[in-house]
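Going line by line, the protein sequences match chains A and B.
Residue numbering for the first sequence follows our numbering, beginning at 1 and increasing consecutively.
Residue numbering for the second sequence follows our numbering, beginning at 1 and increasing consecutively.
Cβ coordinates follow ideal geometry from the N, Cα and C atoms, glycine included.
Here's the structure, in C-alpha cells; my notes come after.
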Amino acid sequence: AQSVTQLDSQVPVFEEAPVELRCNYSSSVSVYLFWYVQYPNQGLQLLLKYLSGSTLVKGINGFEAEFNKSQTSFHLRKPSVHISDTAEYFCAVISNTGFQKLVFGTGTRLLVSP
Amino acid sequence: EAGVTQSPTHLIKTRGQQATLRCSPISGHTSVYWYQQALGLGLQFLLWYDEGEERNRGNFPPRFSGRQFPNYSSELNVNALELEDSALYLCASSPLMEQFFGPGTRLTVL
Numbered sequence: 001a002q003s004v005t006q007l008d009s010q011v012p013v014f015e016e017a018p019v020e021l022r023c024n025y026s027s028s029v030s031v032y033l034f035w036y037v038q039y040p041n042q043g044l045q046l047l048l049k050y051l052s053g054s055t056l057v058k059g060i061n062g063f064e065a066e067f068n069k070s071q072t073s074f075h076l077r078k079p080s081v082h083i084s085d086t087a088e089y090f091c092a093v094i095s096n097t098g099f100q101k102l103v104f105g106t107g108t109r110l111l112v113s114p
Numbered sequence: 001e002a003g004v005t006q007s008p009t010h011l012i013k014t015r016g017q018q019a020t021l022r023c024s025p026i027s028g029h030t031s032v033y034w035y036q037q038a039l040g041l042g043l044q045f046l047l048w049y050d051e052g053e054e055r056n057r058g059n060f061p062p063r064f065s066g067r068q069f070p071n072y073s074s075e076l077n078v079n080a081l082e083l084e085d086s087a088l089y090l091c092a093s094s095p096l097m098e099q100f101f102g103p104g105t106r107l108t109v110l
C-alpha cells in the first residue's frame, strides 16, 4: 500500500517570492509520482509527473519538482509565484506494478498575496 | 482534443434518494476512475473501470456502484443517499498510468 504526506496544509507567500510545497511518500513498491493543482470549484489539472529518468521534472506554469528516492520525497518548487498560482496542490502516487488508483495527499493550499 | 466531461455540474438530492453521475472520457482512453472529494476527507478512490469491467474498488459501501459502457463512458450510481455523501465527485480517464480529470459533479444531499 502507498501513502502520501503533505505536511503543510497552507503556505502563505508574497507575489514574486519562491515557494516549495513538500511531499513525502511511503510505498513497499516502486511508484510514479504526480502533482495536481485544483483551482476553486474546478477539477484537478496535472502539473507534472515523474515516471523515470531525470529526477528533476519540469511542468506547466513554471513549476518543477525533484524526486529523491532516498528521502522518499517529491517536493514542488517555483522560483517566483504569481497571484494566479493561488490554489490547492495535491501530491499523488500510483504503484507501477499495475494501473490502479492514485493515492493523494491531503493537499496544500498556496495563498499568494500582493 | 476534448477533455473529460462530467454531468450534471450540480446535483441536489434528499436523503434516501438515488443519484446518477455521468462521465465521458477523453477519446481513446479505455480506463475511467471515480474519486470522491468530501470536505475534511480529501480525495478518496471509489471505482476503476477498464474495457467495460470493474477492476478495483475503494473502501466504500455497496450502495456506490457504477458501470462502463461500450463507448467507455461511465456512470456512477449512489443509492440510499446519506448526508455524508455530499461531496465533489471527480472522474478521470487514463490511457495508461497518467490520469486526466474532469471538472466534477457537486452532489448535495439534504
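Residue i - partner residues in DSSP beta bridges
i, result
"isoleucine 26 of chain B", "DSSP lists no partner for isoleucine 26 of chain B."
"leucine 20 of chain A", "Before going on, a small fix: residue 20 of chain A reads as glutamate here, not leucine. Note: glutamate 20 of chain A sits in a beta bridge opposite A:Arg77."
"lysine 69 of chain A", "Looking at the DSSP assignment, lysine 69 of chain A forms no beta bridge with any residue, so it has no partner."
"threonine 5 of chain B", "B:Ser24"
"leucine 90 of chain B", "B:Tyr35"
"threonine 5 of chain A", "A:Asn24"
Which of helix, strand or coil DSSP assigns to residue i
i, result
"leucine 83 of chain B", "helix"
"aspartate 85 of chain A", "helix"
"asparagine 56 of chain B", "strand"
"glycine 62 of chain A", "helix"
"phenylalanine 69 of chain B", "coil"
"aspartate 50 of chain B", "strand"
"alanine 19 of chain B", "strand"
"proline 12 of chain A", "strand"
"valine 78 of chain B", "strand"
"lysine 13 of chain B", "strand"
"leucine 111 of chain A", "strand"
"valine 109 of chain B", "strand"
"threonine 106 of chain A", "coil"
"leucine 51 of chain A", "coil"
"valine 120 of chain A", "Any property of residue 120 of chain A remains undetermined from this structure, which presents chain A solely from 1 to 114."
"glutamine 100 of chain A", "coil"
"leucine 41 of chain B", "coil"
"leucine 93 of chain A", "As written in the sequence, residue 93 of chain A is valine, which differs from the leucine given in the question. DSSP places valine 93 of chain A in strand when its eight states are reduced to three."
"leucine 33 of chain A", "strand"
"glutamine 99 of chain B", "coil"
"glutamine 45 of chain A", "strand"
Pair within 7 Å by beta-carbon distance, residue i and residue j
i, j, result
"leucine 46 of chain B", "glycine 58 of chain B", "yes"
"leucine 110 of chain B", "tyrosine 89 of chain B", "no"
"valine 103 of chain A", "valine 4 of chain A", "yes"
"threonine 108 of chain A", "valine 11 of chain A", "yes"
"leucine 47 of chain A", "phenylalanine 63 of chain A", "yes"
"alanine 87 of chain A", "tyrosine 39 of chain A", "yes"
"valine 19 of chain A", "lysine 58 of chain A", "no"
"glutamine 6 of chain B", "proline 103 of chain B", "yes"
"glutamate 16 of chain A", "isoleucine 83 of chain A", "no"
"leucine 43 of chain B", "tyrosine 33 of chain B", "no"
"tyrosine 89 of chain A", "leucine 111 of chain A", "no"
"tyrosine 72 of chain B", "threonine 30 of chain B", "yes"
"threonine 97 of chain A", "valine 29 of chain A", "yes"
"alanine 1 of chain A", "tryptophan 35 of chain A", "no"
"threonine 33 of chain A", "phenylalanine 74 of chain A", "The amino acid occupying residue 33 of chain A in the given sequence is leucine; threonine does not appear at that position. In contact: leucine 33 of chain A and phenylalanine 74 of chain A (Cβ atoms closer than 7 Å)."
"cysteine 23 of chain B", "serine 86 of chain B", "no"
Residue i: CB within 6 Å of a non-hydrogen atom of the ligand SAM
i, result
"histidine 10 of chain B", "The ligand SAM is absent from the structure shown, which contains no ligands of any kind."
Between the segment 44 to 56 of chain A and the segment 13 to 29 of chain A, do at least 3 Cβ pairs fall closer than 8 Å? no
Pairing CB atoms from the segment 93 to 102 of chain B with CB atoms from the segment 8 to 18 of chain B, are three or more of them under 8 Å? Taking a cut-off of 8 Å for Cβ pairs, the segment 93 to 102 of chain B and the segment 8 to 18 of chain B do not touch, as fewer than three such pairs fall below it.
Please list the residues of the segment 98 to 110 of chain A that have a C-beta atom closer than 9 Å to any C-beta atom in chain C, keeping them in chain order. Judged by its chain identifiers, the structure shown contains no chain C, and its protein chains are A and B.
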